[in-house]
Amino acid sequence: MRRRGRLVEGLIAGLGLLLPVSLAAQPPPMSGAGGAGRIREARDLQEAWEVLSGLISGERLRLHLAQARALLEHHGVSLPAAEWERVHQKLRARDYEQNPDRRKTAQDELTAAVDPIKDALFAALPAVGAFDAPNDDGTKLIVLWRPHAGAQQYLVERLDVRPGRQTNWEQIRTAAPIPGSAFELTDDSRIYPSHRYRYRVSAVDAQGQRTLLGETGEVTATAQWFNFDQLGFLIFVLVLCGAVIVYIQAAQRGVRLTIRKIAGLDAVDEAVGRATEMGRPILFVPGIQDMNDIQTVAGLIVLGRVARVAAEHDAQIEVPTSRSLVMTAARETVATSYLNAGRPDAYDEKKIYYVTDEQFGYVAAVTGTMVREKPATCFYMGSFFAESLILAETANLTGSIQIAGTAQPAQLPFFVAACDYTLIGEEFFAASAYLSGEPQQLGSLKGQDVGKLLVMLFVFVGTVLATLVETAEWRHTVVGDALDYMVQRVLNTGGG
Amino acid sequence: MNPALKFLVHLDRRWVFLLMALAVMIPIIWRMEFPEIPTPLVRTVFDRIESLPEGSRILLAFDYDPGSEPELQPMASAWTWHCAKKKHKLYFLALWPVGPQMIQATVDSVLKRDYPQMRYGEDYVNLGYKSGNEGVIKVVVSNLKELYTTDHFGTAINDIPLTRDLVNIRGMDLILNVSAGYPGTKEWIQYASTPYNIPIAGGCTGVQAPLLYPYIPNQMFGLLGAIKGAAEYEKALSDQYPEYARDAAGKRRPEFTKGIERMGPQLIAHCVVLGLIVLGNVILALHRRALRAA
Amino acid sequence: MKRDTIVILLLLAAGAGWLAYRYRSSGVTTGLGYLAIKSDGIPMSVPMHAARELKDATFSWPRTVGIWAAGFFTLAIFSFLYRDNPIYKIAEAAFVGISAAYWMTVGFWAVLVPNLAGKLFPRLIKFGAVPGLDLDKIVEDLARTSWFGWGIDYESANGDGLTAAWWQLMNLPYWLPMILGAMLLWRLAPKGAWIARWPLAFIIGSTVGFRLVGFLGADFVAQIKASIAPLYVPVYDATSGALDFGRTFYQSMNNVLLLAGSFCALLYFFFSLEHKGLAGKVSRVGIWVLMITFGAGFGYTVMGRIALLVGRFEFLVSDWLNVVAR
Amino acid sequence: MKRTVPLIITFLAGVVLIYAYFSPAAAGLSDLSLIHFDILAAIAFLLGGGNLLRMHGEKVYKQQAGWGYSLIAIVAFLTTLGFGLCKVGVTGRPGYWTHLTGAGQAVGLVNLDIADERHTLTLTVRRAEPGSTHAVRLGQREIGQIEVDRDGRGDLVVKYDPPKKMAGEFLKSVREGDTLAVGALLQGTLQRYAPITGDYNQNGSAFWFMYEYGFRPAVQTTFAMLAFYVASAAFRAFRARNIESVLLLGTAFVILLGRTFVGAWISQGLVDPSQAPQNTWEQFLSFWYIPNLTGWLMSVFNTAGNRAIMIGIALGIAATSLRVLLGIDRSYLGSEKG
């Protein structure tokens, strides 16, 4: 029960997937402790800290109670079974109470029932302990100490242990006691990764009398190479990427993949052909973001395909850009397309030019170009903001065919309303694969479908669980735990 | 087809432009105003700022630019005024390069005018702009001084009383974000508010608002949507503090009621847009009938 | 001259005439001119209508010229709505030039100076351009977090950035963008333009890696998490504690619609399924959901756009022409 | 070589950044890469700006159609750039500074900032003898004591507390050329901060004039044109041709109503805004109150639609990223020959 969450992760890690990483992530053996208390090892200290935080915040209380029980029993402390039963009973009483006033009373009773457990945990703590903060970049240490009766304030001091150098204790912070709360402090002030530190905490009472509570052994802050909170998410990423890669390989082996038609994409050839017939240019707008936006990258990939068709049809293509880097990358892309189409002589670098970084300066210039050159076809492929409608309405006036593709949800309404074809979100990314016509690229689209199936599966299972929890009052059963586990552990991106 | 319908079917859109220009210009010249009732989303924000104890730390992140100033400045001013009224400590910060100018403009027009007793560095501070978009947020939630070694004016951050002991923005009681796009409210929610439980309220342009709805109320407690939100906030503010909207002589203070004032032309222009949609469909129906008859 | 040009010129002349008449007759409001005051050494622009109330506001020629320039830009750009014309072209060309230079300047002073030069040669920058730069902090950070601590002695300079050697202040990873930048500029050289692809490859590679996990983490998983909600949401009355049928129905219906709506819309995006048969029907519903979404987005946006226009017109009639006394 | 090396660079950079997401130890890399990108983009301005000059310069030189406009663009560009880079008309940061020099190894630095709301004097002394105390004199007046000591870690620290009342009038009386001395140890002559230390966009500077009266009105006006385009798009595109367009325009219509007073006004009979609905019938009525209906459309349908779009986008980005990372999509890299 106690390490249930870790057990599942351990099983997965046991598959060999991440074994070396998990071994490297073992906490250091020594944390040091002073005074009484049964918990001594850094690992247990860290767990006690996690459990205490959970009990105090009241989040996922069922799980934390189970962990607290296991932790206490592991250290030879056993509370009467009736005590545990009482907490669970109060918890149920609170969760199933609908009247707000009575619910408040139930909450108070629950808090009171949790107190003896917290006290038992406090009693098991060392007077002062310190350990390396989990899942951090090696700049934090956590100091945890047992509450001291009558303390008005705690002084936390730190000693930087440097061999061969005289160093003194320095006070890093003072902390005021919070009733019913754990006494912990995350020290992230000027911690050097390689240095060893000792901490000591003193309590100051109402008379200003200082009592030294204890002193820790040496601790070092280490950076973790893998954040285990994100394990569930990593598996998610691996499954998704795996699906894409598997389908790409299947396609390379010659497996036939069927992909539905995407309206806007079938129009590309036609639109380029129209430009040739009318003897007017094609205008390609790659959005207003720089190369660090993936939409711009996707837009340029589409540009590559469009330019190739244009080169084959001998149509002129013009690409004004709003960023210097995009201009550079677009020139590479178009030059390659012309080369691949066997028309390197027709490539004109001057048609791909930088206008200005300013969003609206760019729009003013592009709309001016539209009105003066009356392009037969306009492509808007990339990241767009407010300018979307200005571009689309101006080009509409000049009678151009307009094909838009963007993954800016806010601009989709305008493109949908004003353009002939719009590639909505995912379709825009699919365009780059679809237009290439290469089978392995189509494979990646299948991989995306697997991702969507996965979403549906997760949402479906989650919804069923959540509905059961809500209707059948199963929150305090394994169903509630499963839902908790799914939402809190598996779907945890670790705030990153 | 009768000539009127023919004219409408092939309507030159410059007539639409002219209509729109008149719809906005006339209410401005005649100063038409309409009543506002604060909606719950706005009310929550107002009540939250109102109920915080004096001296609470509030982070005002101004992530907009001159382009969206008409839409967002009224709410930025109203928030700043309200926070100053409640004697909160104000930390201004910007993720957009031109944000510091927006901050300075707000400070000049609100704090220096109505709260000349507020001292820079003790009651408010302008941390200025740092490049890096959401990267900046990720840093300041853990260690502010890693990125902000000086304020906007180049004063070392350790020399400023307000920021001397500030480790990171997790110590804030509230984040108020005025946002015109990326990076903005969404990033503040994702990287600061949700992971570290800092209450956040957003004020955004009309385009953004629909995208922020999914975050209410779990990840964000309130939202001021564009000028309408600002107008409602101004209304709530002047109901509570009459001196906000009128000076001692009872004269209107237009620079503080811009939201309400701008709702006039908005309303008329909205009706014009609504009318245009209806007209478009009437034309469509008549045109179809005319074609069928022909 | 075309007829419409004449009409527009006449309108403008009439407007100017009216302003002149207004000045002659009432004399109170000029209609032109602009003023600046100095408060504590910092200059500030004041619109005319506010200037009357401020004692220390003085007339300023540069700002007067400035506001006329702003007025010109405003009208010139609006003129594009009527049709493309030389005035718009002038404004457009100036706008492009000014804005490109604006962002270059910002890039220079806000990125290159502090983030490149300031990281490589902090002392030079501190005494040259940014006196607020904290050299002590730079040394301390390097001693704490540099990846080159094993080879370079940052430790001995720790606590004293002022007298630290230049190499103890230098943040070595910042040579990377310097070198890549040089490679990028190599395009301008007559030979070997292909070298510019290396920095591009670096940029694209890091973008792709950063966004891949970033989007999956922030949008994908977060959206799944947000989608998990019970289909039946009992709501109880706050006072009596009895089941509130109306609100229970409303909340439950919302959750059901939300789930069904997002599933249908998601099905629309499936590339493996031809939109035929059942899949076709469901994805048709998906399109409907998307259309409602787009309609909502459009409707919501109109408000903001009009606010911007209001702001611009206010500038014209109030700050520039001072037609509306405020 | 010309193609393989970039592919390897792309792959490595991508993999490293993916790893950085999961590793607290390497998390700094992703922030660093963002900063590096900004720097590269700023350097690339030279390419963009150069291209702009070349393009318009050619037009002017060859006197092609519209060369006059190109000339305007060039003049505007170079003027603004010159103003900005040279900080024309910028006054330096208000205050003085000096480098302190003297006998022995000791060095020092003084920054004296006199600004609108704050006056600060920071005095830094380094490499002085520990255990010594010196009087700090500014001009003729003694303004405090400086103490050189060792701290708890054994590092040398300098403690200096300027008297609290020093801010304000006294600092304002300081003039350029005044001498600041630290005992007999160090001394220096105060000088004004150079103009380069001022903000490039300082109110009143030449660059600021270009920004305030050229850039800003142009940006706002272009943005404001959207109002006209929104109206014409609503008129032109929102026509009930099929179910899809009916839904599109219907929703837009309701939202437009609900976002102004009109919506509340025409449906005001449905609710009593002063109290919550009392029974199921009132709840049903209040559902149709247009501001509520707007909220409902937003929170249910808009959320559902956006959710699907966002999930799709995330998947699309992941797949596209993966294709680029693995080198399957490499059009941006140019060709072997080029």
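Those sequence lines, one after another, are chains A, B, C and D.
When you line the first sequence up against my numbering, it's residues 204 to 699, in that order.
When you line the second sequence up against my numbering, it's residues 1003 to 1296, in that order.
When you line the third sequence up against my numbering, it's residues 52 to 377, in that order.
When you line the fourth sequence up against my numbering, it's residues 16 to 353, in that order.
By construction, the Cβ of each residue, glycine as well, lies at the ideal position given by its N, Cα and C atoms.
Can you have a look at residue i and say buried or exposed, based on whether 16 or more other CB atoms are within 10 angstroms of its CB?
| i | result |
| --- | --- |
| Gly110 of chain D | buried |
| Ser1079 of chain B | buried |
| Gly650 of chain A | buried |
| Lys1188 of chain B | buried |
| Ile1229 of chain B | buried |
| Asn373 of chain C | buried |
| Asp295 of chain C | buried |
| Phe370 of chain C | According to the sequence provided, residue 370 of chain C is Asp. The question's Phe does not apply to it. Buried, by the Cβ-count rule. |
| Pro232 of chain A | Caution applies to Pro232 of chain A, whose pLDDT of 39 falls short of 50 and renders its modelled position unreliable; the model cannot decide the point. |
| Tyr226 of chain D | buried |
| Ala1006 of chain B | exposed |
| Met1174 of chain B | buried |
| Met240 of chain D | buried |
Which residues in the same chain as residue i place their Cβ atom closer than 7 angstroms to its Cβ, once the five residues preceding and following it in sequence are excluded?
| i | result |
| --- | --- |
| Leu1074 of chain B | Tyr1066, Val1180, Ala1182, Gly1205, Thr1207 |
| Leu1269 of chain B | Phe1036 |
| Arg207 of chain D | Gly107, Tyr111, Glu191 |
| Ala35 of chain D | Ala41, Ala42, Leu44, Ser45 |
| Ile1191 of chain B | Ile1202, Tyr1217, Gln1221, Met1222 |
On a Cα-Cα basis, can you pick out the residue from the options that is closest to residue i?
| i | options | result |
| --- | --- | --- |
| Val488 of chain A | A:Lys343, A:Ser586, A:Val682 | A:Ser586 |
| Val359 of chain A | A:Thr314, A:Ala326, A:Ser405 | A:Ser405 |
| Ser303 of chain C | C:Ser291, C:Phe146, C:Pro285, C:Gly312 | C:Pro285 |
| Asp187 of chain C | C:Gly169, C:Trp339, C:Leu220 | C:Leu220 |
| Val20 of chain D | C:Ala247, C:Ser313, C:His326 | C:Ala247 |
| Leu126 of chain C | C:Phe321, C:Leu60, C:Leu231, C:Val97 | C:Leu60 |
| Asp270 of chain C | D:Leu348, D:Ile324, D:Arg152 | D:Ile324 |
| Leu310 of chain C | D:Ala246, D:Ser314, D:Leu262, D:Arg251 | D:Ser314 |
| Ala327 of chain A | A:Val254, A:Ile375, A:Leu415 | A:Val254 |
| Ala513 of chain A | A:Asp390, A:Arg483, A:Gly435, A:Glu561 | A:Arg483 |
Excluding the 5 residues preceding and the 5 following residue i in the sequence, name in chain order all residues of the same chain whose CB lies nearer than 6 angstroms to its CB.
| i | result |
| --- | --- |
| Thr423 of chain A | Arg399 |
| Arg526 of chain A | Asp493 |
Check the DSSP bridge columns for residue i and list the partner residues they point to.
| i | result |
| --- | --- |
| Leu388 of chain A | A:Val346 |
| Asn1128 of chain B | B:Phe1094 |
| Gly110 of chain D | D:Asp128 |
| Met99 of chain C | Met99 of chain C is not bridged to any residue. |
| Asn1179 of chain B | B:Ala1063, B:Gly1204 |
| Leu1226 of chain B | B:Gly1205 |
| Thr625 of chain A | A:Ala607 |
| Phe487 of chain A | A:Phe582 |
| Gln498 of chain A | Answer is none; Gln498 of chain A lacks a bridge partner. |
Return the chain-ordered list of same chain residues with a C-beta closer than 8 angstroms to the C-beta of residue i, the five sequence neighbours on each side being excluded.
| i | result |
| --- | --- |
| Ser301 of chain D | Leu285, Val286, Pro292, Asn307 |
| Met1265 of chain B | Glu1035, Phe1036, Glu1038, Ile1229, Lys1230, Ala1233 |
Hey, would you say the C-beta of residue i is under 8 angstroms away from at least one heavy atom of the ligand ADP?
| i | result |
| --- | --- |
| Ile211 of chain D | In terms of ligand content, the structure shown is empty, and the ligand ADP therefore cannot be addressed. |
ask   = Does the segment 577 to 595 of chain A come close enough to the segment 173 to 182 of chain C to have 3 or more Cβ pairs within less than 8 angstroms?
value = Judged by pairs of C-beta atoms under 8 angstroms, the segment 577 to 595 of chain A does not touch the segment 173 to 182 of chain C, as fewer than three such pairs exist.
request  = State whether the segment 426 to 446 of chain A contacts the segment 406 to 416 of chain A, with contact taken as three or more CB pairs (one from each stretch) at a distance under 8 angstroms.
outcome  = With the cut-off at 8 angstroms, the segment 426 to 446 of chain A and the segment 406 to 416 of chain A do not touch.
query = Does the count of Cβ pairs from the segment 74 to 83 of chain D and the segment 271 to 287 of chain C closer than 8 angstroms reach three?
reply = With a cut-off of 8 angstroms, the segment 271 to 287 of chain C and the segment 74 to 83 of chain D do not count as touching, because too few Cβ pairs lie within range.
ask   = Does the segment 129 to 149 of chain C come close enough to the segment 240 to 253 of chain D that 3 or more CB-CB pairs lie under 8 angstroms?
value = Short answer: they touch.
Cβ contact check for the segment 344 to 354 of chain C and the segment 327 to 335 of chain C: 3 or more pairs under 8 angstroms = Under the three-pair Cβ rule at 8 angstroms, the segment 344 to 354 of chain C does not count as touching the segment 327 to 335 of chain C.
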